[in-house]
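Data first, discussion second: the structure below is written as C-alpha cells.
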Amino acid sequence: MTQKNHVDDAAQAPVVQAQGLIKQFGDFRAVDGISFVIQPGQCFGFLGPNGAGKTTTLKMLMGLSDFDAGNLRVLDQPLPDAARAIRARVGLVPQADNLDPDFTVRENLFMYARFFGLKRAAVGKRVDELLAFSELTHKADAKVETLSGGMKRRLTIARALINNPDIVVLDEPTTGLDPQVRHMIWARLAELRARGVTLILTTHYMEEAERLCDELVVMDLGKILEQGSPEQLVSRLDASDVIELRGSVSEGLFATLRSMSQHAERYGTAVYVYTHAPAAILDFLGEDTGLTVIHRRAGLEDVFLRLTGRGLRE
Amino acid sequence: MRRSIWALPRLRLIAMALIARNFLVWRKLMGPAIALNFGEPLIYLLGLGLGLGHLVGTVGGLPYLTFLASGVVASSAMTTVSFEGMYSVFTRMVPQKTYDAMMATPMDVDDIILGEVIWAALKGLISAAAILLVAAFLGAVPGGFAALWALPVVFLMGLAFAGPAIIMSAVAGSYDFFNYYFVLVVTPMFMLSGVFFPLDSFPPALQVGVQFLPLTHAVEVIRPLIVGQPVAQLGLHLWVLAGFAGLSFYGAVAMVRRRLWV
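These protein sequence lines map, in sequence, to chains A and B. According to the working numbering, the stretch in the first sequence is residues 29 to 342, in order. According to the working numbering, the stretch in the second sequence is residues 127 to 388, in order.
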C-alpha cells in the first residue's frame, strides 16, 4: 500500500482543528465546548465512559453530525461545508457492524470502493492487498454472515482503508473481541501509523489507549477533562502508587491511611490508597492485617477513575 | 452549522453506486424474483381474465382479459415499487445499517434516495414487462409492439410511487407500520383506479375522487397504449405522475435526512 509521503511534506498543518464544539440533543448537551488539535501521523485517542460524547465527536469530525456552535476543520477544510470532500479522504470503522450481509468478503470491498466513486478495475490490486492485510484472503469468497465477530471487524477495518485514507477513525475498534484478534488489530493499526496515517479512536480499554495513542483526551459528560500522552497523564496523577486493601477496613484505619496518603477512597469492600510513598504505608500495615493487600504502580485506569469517578453510567 | 433537512436535494451520478449494489443483490436472488414476476400475473390473468371474463364479456369495447391485463401492468408496478420502497428500504436503512455505511463515504442521503427511487422504479418496470409479456402470449396485447411505449410510463409511475413508500420507511418504527399504507393507500388504489372495472361504473362523486389517485392517471395512459388506442389528455396524466414523483422524492429525502442525521 502507498506510503503517505505527502503527510510528511505538510507536517506542520494539523489534520484536525476543533474549537469550542457544542452539540445539543434537546435538553441534553452531548458535547460541551471541546477544543483539540490532532497532528498528522498521530494516534489520537478519546477516552471516556459511555455517554461521554466520544462517538458524537467522531461523527462531527466526519461531517455526519451537525454541531450547534464552534469551529471544525479537518484536512484543512471546513465542516460541515466540505463534508463530502473530507469523507473521501477518511476511513470509518464504526462501533456497530454494518457490512453488507448479502455479499462476500471480496464483494464488500469492491462495493464499498464504488461508494467512493472508485472503479472496479482501479481497486482490484488494493482489494487483494487489504485481504492480505486483514488476514482474510482465505475467506475472500465467504459470505459475510458466515464470519466470526473478529473476522467481521477485520473486514470492517479493511473496508475503511479502501480509499487509501489520510485519516482512519475507529469507534471502539476492539470492543468484544478475543485477545488474539485484539492484538492482531493493534499490530495492524501500529503498521498504519508507521505509514503516516493519522488514527483517531475512541476506547474504554486502558491497555489499548496506552499501547496505541500518542495523545489522549479524557472526556466525561461532554467535556474534555485532561489531555496529554499516556505517560504525561499518569505522571500528572497526585500519586505514583496504588495500594488496594480488600476485607473489612475499620473507620479508624481508613482515617489513618487517608492522613498518610495523597488520597484514599472506599468502594464496596475495598479501599484504594493513592500515595507517593508506598513503602511507609506497607510498613505501617505490617504483615498481619487480615486484609488482602495489593500494591501496584498507578496507571491510566487510575487516571481515568480519578477523573470520571466510580459511579456507573447507565 | 445545522444542516436543514429541507434543503433541495442534489442529483449526482454517484447514486448509480447504490443502484449497482441493489442490482448485485437482486441478481443473486433472481430465481425467486423472476418466478414471482411471471407466476403471479399469469395466475391473475388466467383466473380473473378467463373466469370473470367469461361472465363479463367485454368492457368498454375490449375483451375483459385485455382490459384487465392493461390495468394489471400498472397495478403490479405500483405494488412492486411500494414493497421495495417500504420493506427493502427499511431493511437497508434500519436493521442492516447499509445507509450508515454509505454515509461514511462521499455519498449523502440525496444520493442514496435518488438511487433507491430509480432502483424501485426499475423493479416496477421489470414486473410490468413480465406481465406485458405474459399478456402478449395470451393474446391480450392488441397494440402490438407499440404497447412497449407503456414501459417508459411505467417507469415514471414507479418514480411517483417510490417516494411515498420511502417516506413511510423513514417514519416507520417497524415493518408492521406498513400495513397502514397498504390498507389506506395501496389497496384502495388497486380497487378504485380502473384496474378491474371501468371508472364510469362508479358513482359520479367517486369518479371525481379517483382523479386524485396517481394510479388512475397511470392506468389512463398505459391502457390505451397497450390496446392501441389514442391516449386522451396524455400531458395532464404525465404531469400528475411527474408531480407526484418530484414532490415525493423531495419529501423522501427530507424524511430520511430527519431519521439518519444526528
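All C-beta atoms in this analysis are idealised placements derived from N, C-alpha and C, irrespective of residue type, glycine included. In this text, all values refer to a predicted model and were calculated from it rather than measured experimentally.
Secondary structure at B:Lys223: coil, using DSSP grouped into helix, strand and coil. When DSSP states are grouped into helix, strand and coil, A:Lys51 belongs to the strand group. Secondary structure within the segment 193-227 of chain A: the beta strand (DSSP E) runs of 3 or more consecutive residues, fully enclosed, are 195-199 (chain order). Taking all protein chains in view, the Cβ of B:Ser327 is surrounded by fewer than 16 other Cβ atoms within 10 Å, so the residue is classified as exposed. The beta-bridge partner set that DSSP reports for B:Pro290 is empty. Within chain A, no C-beta atom comes nearer than 7 Å to that of B:Met315; the closest sits roughly 31 Å away. Given a length threshold of 4 residues, each whole run of the alpha helix (DSSP H) inside the segment 111-154 of chain A is given here in chain order: 111-115, 133-143.
Taking 7 Å as the upper bound on Cβ-Cβ separation, chain A lies near residues Gln222, Lys223, Thr224 of the segment 208-224 of chain B.
In this structure, B:Asp237 keeps its C-beta atom at 9 Å or more from the C-beta atom of B:Ala378. 9 Å or more divides the Cβ of A:Ser263 from the Cβ of A:Glu243. With respect to the 9 Å criterion, A:Leu310 and A:Asp60 are not classified as neighbours on the basis of their beta carbons. Below the 7 Å Cβ cutoff, chain B contributes Ala230 as neighbours of A:Met90, in chain order. Straight across, the Cα-Cα distance linking A:Gly119 with A:Tyr302 is about 41 Å. Between the alpha carbons of B:Ala246 and B:Thr217 lies a distance of about 14 Å. Less than 9 Å separates the beta-carbon of B:Ala286 from that of B:Leu367.
Under the three-state reduction of DSSP output, A:Ser63 falls in the strand class. Among the CB atoms of chain B, one or more fall inside 9 Å of the CB of A:Glu135. Within a 10 Å sphere around the beta-carbon of B:Ser130 sit fewer than 16 other beta-carbons, which makes this residue exposed.
Straight-line measurement puts the Cα of B:Leu259 at about 22 Å from the Cα of B:Glu210.
Look at B:Ala246: its C-beta is not under 9 Å from any C-beta on chain A. Straight-line measurement puts the Cα of A:Glu272 at about 14 Å from the Cα of A:Phe312. The Cβ atoms of A:Gln105 and A:Leu227 do not sit closer than 9 Å to each other.
Residue state for B:Phe323 is assigned as coil, using DSSP reduced to three classes. Relative to A:Ala113, the option among A:Lys180, A:Ala124, A:Asn191 whose CA is nearest is A:Asn191.
Nearest CB-CB separation between B:Val345 and chain A: not below the 9 Å threshold. Contact holds between the segment 128-144 of chain A and the segment 174-192 of chain A, because three or more Cβ pairs, one in each stretch, are under 8 Å apart. Selection A:Gln52, A:Leu49, A:Phe64 evaluated against A:Pro42 yields A:Phe64 as nearest (Cα-Cα). Using a C-beta cut-off of 8 Å, the segment 143-154 of chain A makes no contact with the segment 172-185 of chain A, since fewer than three inter-stretch Cβ pairs fall below that distance. Chain order gives the chain B residues near A:Arg142 as Ala143, Ala146, Arg147, where near means a beta carbon separation below 8 Å.
Within chain A, the residues whose beta carbon sits less than 9 Å from that of B:Lys154 are Asp130, Phe131, listed in sequence order. Within the same chain, Val243, Gly289 come within 6 Å of B:Phe375 by CB-CB distance, once the 5 residues on both sides are set aside. Nearest to A:Leu86 by alpha-carbon distance, out of A:Lys167, A:Val270, A:Ala46, is A:Ala46. Per the C-alpha coordinates, the member of B:Ala344, B:Val388, B:Val321, B:Leu339 positioned closest to B:Phe193 is B:Val321. Taken in chain order, the complete beta strand (DSSP E) segments of 3 or more residues contained in the segment 291-316 of chain A are 291-295, 298-303. Using beta-carbon distances, A:Val118 counts as an interface residue toward chain B, with a partner under 9 Å. Residue environment: A:Tyr295 is assigned as exposed (fewer than 16 neighbouring CB atoms within 10 Å of its CB, all protein chains considered).
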